[in-house]
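These protein sequence lines map, in sequence, to chains Z and D.
Once you know that position 52 of the first sequence is 51 in numbering that gives the first Met the number 0, the rest is easy, because the numbers rise by one and skip nothing.
Once you know that position 159 of the second sequence is 158 in numbering that gives the first Met the number 0, the rest is easy, because the numbers rise by one and skip nothing.
Virtual Cβ for every residue (Gly too), placed ideally from N, Cα, C.
The structure under discussion appears below in the form of structure tokens.
2 protein chains.
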Amino acid sequence: MRPTVNDIAREAGVSLATVDRVLNARPGVREKTVTAVNDAIARLGYVRDLTAANLARSRTYRMAAILPDTESQFIQSLAAALQEAGQAAATSRVELVLHRFPAEDPHALAALLAGMPGRGYAGVALMAPETPVLRDAVRSLRTKGVPVVALVSDLPTTGRDHFIGVDNRAAGRTAGVLMGRFLGTTGQVLVLGSSLLARDMIERRRGFDEVLLRDFPAVEPLPSLETHGSSRLLRLAVAERLANTPGIRGIYAMGDGHRALTQVIGELGLSGKLTVICHELTPHSRQALSSGEITAVITQNLGHLARSTLRVLRAKADNLPLDEGQEQIRIEIVLRENLPAAADSAI
Amino acid sequence: MRPTVNDIAREAGVSLATVDRVLNARPGVREKTVTAVNDAIARLGYVRDLTAANLARSRTYRMAAILPDTESQFIQSLAAALQEAGQAAATSRVELVLHRFPAEDPHALAALLAGMPGRGYAGVALMAPETPVLRDAVRSLRTKGVPVVALVSDLPTTGRDHFIGVDNRAAGRTAGVLMGRFLGTTGQVLVLGSSLLARDMIERRRGFDEVLLRDFPAVEPLPSLETHGSSRLLRLAVAERLANTPGIRGIYAMGDGHRALTQVIGELGLSGKLTVICHELTPHSRQALSSGEITAVITQNLGHLARSTLRVLRAKADNLPLDEGQEQIRIEIVLRENLPAAADSAI
DNA sequence: GGAAATTTGAGGAACGTACCTCAGAAAATC
DNA sequence: GATTTTCTGAGGTACGTTCCTCAAATTTCC
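The structure is reproduced here in structure tokens:
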């Protein structure tokens, strides 16, 4: 049988109450006694039974996930993944509530955040652009004891507790190598980015250029086209560039808008003739990948991201250490040949 | 507050004992009453609190993981990942015991398996070659009610409950595209494989050839060299082939022995001049990747694999459904640019 | 050496479920 | 309508923790 708190009390020659004080770091125990208890714990190899502990605490964790109300497939997939992870976590006393904020209105977001502590949230996961208003809102939340984690795009200046997502600079570098090696020789590359999540776009771009400059000097990345999430804008801009710049042999799409992109490429009769690398596996990019319209997708596993979010929030709420290995989100490269089955909840 | 069994009893107008009988499918309840209880459950949206349930059952899960006693870095990393996942799972009443068997002795393995039910194992995870003896041993285990999952290399003919690992055919295809695109033009490719885990080797080879044949007819994969896990054999064979076949521009290493391979390549002064693609991220392949001796590694996240193993075994032991999305192990492509930080427990 | 402060012990209630017993109610059978 | 048989209720204990109270023991300080 596994040792219990009672075994420890006996082994350490103290009472159960004292063991409990030590285990839960409650005050009023002499240093010497603490050591004695810890020794007993080590000797017996005691591991706290979390199921029993949580039950006794009868603690429930009400968490919020806040996303922009953009209706891109990526955001939708992310929302779905979070919902699903929330459902699964219901058995471990964690409840996840999804909130949306108007993508272009940082003040609405700040107001939403300000209301969080009052509504009993034990933690907040947030995907949002890094504005000054947001920075203050996050800081205020944290001083009120609500942990905040950044999702997908980091918010370092806000002092968030953790960032859950990939290293976007490394993701950009990865896109860079693939572009360089797939092109093989010379060529110009069209680079597209929305601007909502400024930070991740900037980091991707930086990584992309870094690799091309260093390892593939014959490849010339063009200045970024900002599409602001508008497919009309994207379509016009891409058509114009492709028509006027015959040297373009590749496209690096850092943001969303896969559908508009493949469409305009198709209309120009260039499907399959360009090396197209984009980010995020969505229903549409899956389809374009398997049809050969997109060459490679750099992505992250949204199911993992969502589950990680809940685990991290919970650990932060309980002030417990993280299993860094488990929480590290990998940069995944998806080609037609390793496209995961659609059964994957993360899409 | 979440509804409890008591709420259900009140809502259904029956006693707690009856609700308990229904919930745990114990006999002695009229059909009509069962329906009434289930209706109440549906109405209140009751979800059984698994932590409390397991506590009450005072159920613990003793699981076994069985690996060959080969000392390859891959097996060592896998063993470490399993150990670590086992430690983490101790808080949720799961215990994992690692066993090894002599790699070349299927009968010793069968004997080991035969002893499992007696020792109170609730589930077994197994990485082993698919021999007739093994098939019978696994079948016998399963009829005794012990779920068995195959690890890394599938064992379809044994009727195992689940396979945890990547689709090796798809992994081979992925290696194929990378090789084809990275080579760019014509070239011969040396293919190396150990033979211990016959099935995964065969599947990888099949996938590799499939893609090259279809999409890269100018690339010619040579017949597999079997190294039987011996680095001496590998070294001799590779040196001989490279010396006598000047058309070789790439190497696809399906099995282990990264160290011997990069060594012999280095001795021939070919470091960085060949496109080398291999499987499994290990300390050594990491190093070779970052130094440019290996071009790409096709791998799987061992941390994920280990945690998945425990979750699946537990679900099978409880006869619960799986979250397929969470358990699907992805085929990962690692280049120097997206090499995950070594902090990752999965190495 | 005595008062004050600190540390410890003993005990109990609670968390939500499982599982047991035994008596009593309701239904089925003749 | 009496007798079986089948269902149901009431109550309890247990799982391993957390967290509380209050008294007693021990230490610290003047």
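Need the endpoints of the alpha helix (DSSP H) that Phe73 of chain Z sits in, please. 72-88
Under the three-state reduction of DSSP, which class applies to Ser344 of chain D: helix, strand or coil? In this prediction, Ser344 of chain D has a pLDDT of 41, which is less than 50 and means its spatial position is unreliable; what the coordinates show is noted afterwards. In this structure, Ser344 of chain D counts as coil in the three-state DSSP scheme.
By a C-beta neighbour count over all protein chains shown, 10 Å radius and 16 as the cutoff for buried, is Gly175 of chain Z buried or exposed? buried
Cβ shell of Ser279 of chain D (< 6 Å), same chain only, five flanking positions each side left out: Sequence check: residue 279 of chain D is Glu here, not Ser. Phe73, Thr298, listed in sequence order.
Same chain, Cβ closer than 7 Å to Arg313 of chain D, five either side skipped, listed in chain order: Tyr60, Val93
Contact set for His161 of chain D: own chain, Cβ-Cβ below 6 Å, skip 5 residues either direction: A distance below 6 Å between beta-carbons, with the five flanking residues on each side excluded, links His161 of chain D to the following residues of its chain, in chain order: Val148, Val311.
Just to confirm, are Phe181 of chain Z and Thr244 of chain Z a CB contact at a threshold of 7 Å? no
Scan the segment 42-54 of chain D for residues whose Cβ lies nearer than 7 Å to a Cβ of chain Z and list them as they occur along the chain. Val46, Leu49, Thr50, Ala51, Asn53, Leu54
CB-CB length for Leu334 of chain Z against Ala287 of chain Z, believed under 8 Å: Leu334 of chain Z to Ala287 of chain Z, Cβ: 12 Å. No contact.
Any chain Z beta carbon closer than 7 Å to Asn37 of chain D: Not closer than 7 Å to any Cβ of chain Z, the Cβ of Asn37 of chain D fails to qualify, so no.
Leaving out the 5 sequence neighbours to the left and right, which residues in its chain are closer than 6 Å to Ala342 of chain Z when beta-carbon positions are compared? Low confidence applies here, because Ala342 of chain Z scores a pLDDT of 48, under 50, leaving its location unreliable; read the following figure in that light. So no residue of the chain qualifies.
Around the C-beta of Ile7 of chain Z, are 16 or more other C-beta atoms found within 10 angstroms, so that it is buried, or is it exposed? buried
Pop quiz: Arg141 of chain Z and Gly117 of chain Z are said to be a contact at Cβ under 8 Å. What is the actual Cβ separation, rounded to whole angstroms? Contact doesn't hold; Cβ gap of about 15 Å is too wide.
According to the Cβ coordinates, are Met178 of chain Z and Ile276 of chain Z closer than 7 Å? yes
Could you tell me whether the Cβ atoms of Gly164 of chain D and Val145 of chain D are closer together than 7 Å? no
So is Thr173 of chain Z in contact with chain D if we call contact Cβ pairs under 7 Å? yes
Say whether chain D places a C-beta atom closer than 7 Å to the C-beta of Glu336 of chain Z. yes
Of all the options D:Thr261, D:Ser229, D:Arg172, D:Leu233, which has the alpha carbon lying nearest to the alpha carbon of Arg204 of chain D? D:Arg172
Out of Z:Phe215, Z:Ser223, Z:Asp199, Z:Arg213, state which residue places its alpha-carbon closest to the alpha-carbon of Leu189 of chain Z. Z:Ser223
What is the DSSP secondary structure of Leu224 of chain D, counted as helix, strand or coil? strand
Residue-level contact to chain D via CB, Ile328 of chain Z, 7 Å cutoff: no
On the CB-based measure, 16 or more other CB atoms within 10 Å of its CB, does Gln325 of chain Z come out buried or exposed? Of the other Cβ atoms in all chains shown, 16 or more fall within 10 Å of the Cβ of Gln325 of chain Z; this residue is therefore buried.
Counting only beta-carbon separations shorter than 7 Å, does Ser344 of chain D have a partner in chain Z? At Ser344 of chain D, the pLDDT of 41 sits below 50, so the modelled position is not reliable and the matter cannot be decided from this model.
Taking Glu129 of chain Z as the reference, give the member of Z:Ala24, Z:Arg198, Z:Arg56 with the closest Cα. Of the candidates Z:Ala24, Z:Arg198, Z:Arg56, the one whose C-alpha sits nearest the C-alpha of Glu129 of chain Z is Z:Arg198.
Run down chain Z in chain order and give the residues with a C-beta less than 8 Å from the C-beta of Phe181 of chain D. Simply Arg180.
Nearest-angstrom Cα distance between Met0 of chain D and Thr261 of chain Z? 49 Å
Selection from Z:Ala11, Z:Asn5, Z:Val123, Z:Gly271 that minimises the alpha carbon distance to Lys143 of chain Z: Z:Val123
For a minimum of 4 consecutive residues, which ranges assigned as the alpha helix (DSSP H) are wholly contained in the segment 74-160 of chain D? Runs found: 105-113, 131-142.
What are the residues in the segment 305-320 of chain Z lying within 8 Å of chain D by C-beta distance? If you check each beta-carbon in the segment 305-320 of chain Z against every beta-carbon of chain D, the ones closer than 8 Å belong to Arg306.
Which listed residue (Z:Leu95, Z:Pro155, Z:Ala102, Z:Leu133) has its alpha carbon closest to that of Leu112 of chain Z: The shortest C-alpha separation from Leu112 of chain Z is found at Z:Leu133.
State the start and end residues of the unbroken beta strand (DSSP E) segment that holds Gly186 of chain D. 186-192
Tell me, please, which residues DSSP counts as bridged to Phe162 of chain Z. Z:Ala149
Output yes if chain D places a C-beta closer than 7 Å to the C-beta of Val176 of chain Z; else output no. yes
Per-residue contacts from Asn300 of chain D into chain Z (C-beta, under 8 Å): Arg329
Using the Cα positions of Ser290 of chain Z and Gly186 of chain D, report the straight-line distance between them to the nearest angstrom. 27 Å
Interface flag, Thr281 of chain Z vs chain D, CB-CB below 7 Å: no
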